[in-house]
Amino acid sequence: MKLREVFQECREEQRAALIGYLPAGFPTVDGSKELFQAMLTGTDGATGCDVVEVGIPFSDPVMDGPTIQAASDKALRAGFRLRDVFDVVSSIAEAGGNAVVMTYWNPVHRYGPNAFARDLKAAGGLGVITPDLIPDEGEDWIAATDEHGVDRIFLVAPSSTEERLALTAKATTGFVYATSVMGVTGARESVGSAAAGLVQRTRAHTDLPIGVGLGVRNGAHAAEVASFADGVIVGSAFVTRAEQEGADGVRELTAELARGVRSR
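Heads up: the sequence shown runs through residues 14 to 277, numbered per my numbering.
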């Protein structure tokens, strides 16, 4: 399945897609597999995440807030290695889930863009989100993802100019990742007011689905974002719930968010 097909199925159900993030290797590689399985199933086996983002723990992040930074640090201290991400993605694909990887560019550059796209495809991964890579500097990555049939997801922000929105949307496949606020990741009291405007501006440049991330932490937030976006992306809230309540807590949050995207 391709990401556009996942979003199309959600559109046919007249709802947004639920996209959940956790770092691979948090708290251990096997532990992260268990948490991702919880995100796929929810509490009743039928209300899981439509797409899961498998984060690659990174020691020097620029977008991750303190919650994800702490989880990534725990994964690295537990011995996570880059090759482990393909094992985690395989476990998700084998369970019938749709996995994309979220990573800063340096690990991909070090591994080799073509080899990374090849190995991710072989593992069953659908795409890669690269928050610190802009299309202007992504020639090798664009060629590699085209060759191996992996979607590449670039980001737009409230500060993006119309020219930047057009360029980013043109280079993106799968879906466009719209950040709802300026700043780092983290659950917030409310969704940024700029998010709806950013989605509207981005739609003028592409017919790709648009997912909104940063700040969503509960079902009410998910319902709010689902009213104007094609995908609702949740990260820090999942990390916090996993830290506090383990897989059972992740299942419960998944179910709450799934009800949210279905309530618009």
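All C-beta atoms, glycine included, are put in the ideal place defined by N, C-alpha and C.
Assumed close pair residue i, residue j - CB separation to whole angstroms, cut-off 8 Å
i: Gly244; j: Phe20; result: 7 Å
i: Thr181; j: Val163; result: The pair is not a contact, with the Cβ atoms about 18 Å apart (cut-off 8 Å).
i: Phe188; j: Ile223; result: 6 Å
i: Trp118; j: Thr158; result: Not a contact, Cβ separation roughly 13 Å.
i: Glu13; j: Val113; result: An answer regarding residue 13 cannot be provided, because it is not within the stretch 14 to 277 covered by the chain.
i: Gly137; j: Val102; result: 6 Å
i: Ile246; j: Val225; result: 6 Å
i: Ser193; j: Ala208; result: 4 Å
i: Ser249; j: Thr80; result: 4 Å
i: Thr185; j: Leu221; result: 6 Å
Straight-line Cα distance separating residue j from residue i
i: Pro120; j: Arg94; result: 10 Å
i: Asn231; j: Gln50; result: 20 Å
i: Thr215; j: Tyr124; result: 32 Å
i: Lys87; j: Cys62; result: 24 Å
i: Pro70; j: Asp43; result: 15 Å
i: Leu266; j: Lys15; result: 26 Å
i: Ser172; j: Arg90; result: 35 Å
i: Asp73; j: Arg177; result: 26 Å
i: Ile147; j: Val141; result: 13 Å
i: Gln82; j: Asp100; result: 22 Å
i: Gly78; j: Asp145; result: 15 Å
i: Ala106; j: Arg131; result: 15 Å
i: Val75; j: Ala135; result: 29 Å
i: Gly273; j: Phe129; result: 35 Å
i: Thr116; j: Gly68; result: 6 Å
i: Gly33; j: Gly228; result: 13 Å
i: Thr219; j: Leu35; result: 28 Å
i: Lys183; j: Cys23; result: 23 Å
i: Leu270; j: Val64; result: 13 Å
i: Arg17; j: Ala156; result: 20 Å
i: His161; j: Ala179; result: 24 Å
i: Asp261; j: Ala268; result: 11 Å
i: Ala191; j: Leu48; result: 25 Å
i: Ala233; j: Asn111; result: 24 Å
i: Asp149; j: Ser104; result: 33 Å
i: Lys46; j: Arg96; result: 14 Å
i: Trp154; j: Met52; result: 29 Å
i: Thr60; j: Ala235; result: 14 Å
i: Phe167; j: Leu139; result: 14 Å
Cβ neighbour criterion (16 or more within 10 Å) applied to residue i
i: Gly109; result: exposed
i: His122; result: exposed
i: Pro126; result: buried
i: Thr174; result: exposed
i: Ser276; result: exposed
i: Arg264; result: buried
i: Gly92; result: exposed
i: Arg165; result: buried
i: Ala84; result: buried
Residues that DSSP places opposite residue i in a beta bridge
i: Val32; result: As written in the sequence, residue 32 is Ile, which differs from the Val given in the question. Paired residues: Val64 and Ile246.
i: Asp164; result: Gly140
i: Met14; result: None, per the DSSP bridge assignment.
i: Tyr1; result: No answer is possible for residue 1: the residues shown for the chain start at 14 and end at 277.
i: Val113; result: Glu66 and Gly140
So, do the stretch 21-29 and the stretch 237-249 have three or more beta carbon pairs nearer to each other than 8 Å? Yes, the stretch 21-29 touches the stretch 237-249.
Indicate whether the contact test is met: 3 or more Cβ pairs, each with one atom in the stretch 254-265 and one in the stretch 32-50, closer than 8 Å. Enough Cβ pairs lie closer than 8 Å, so yes.
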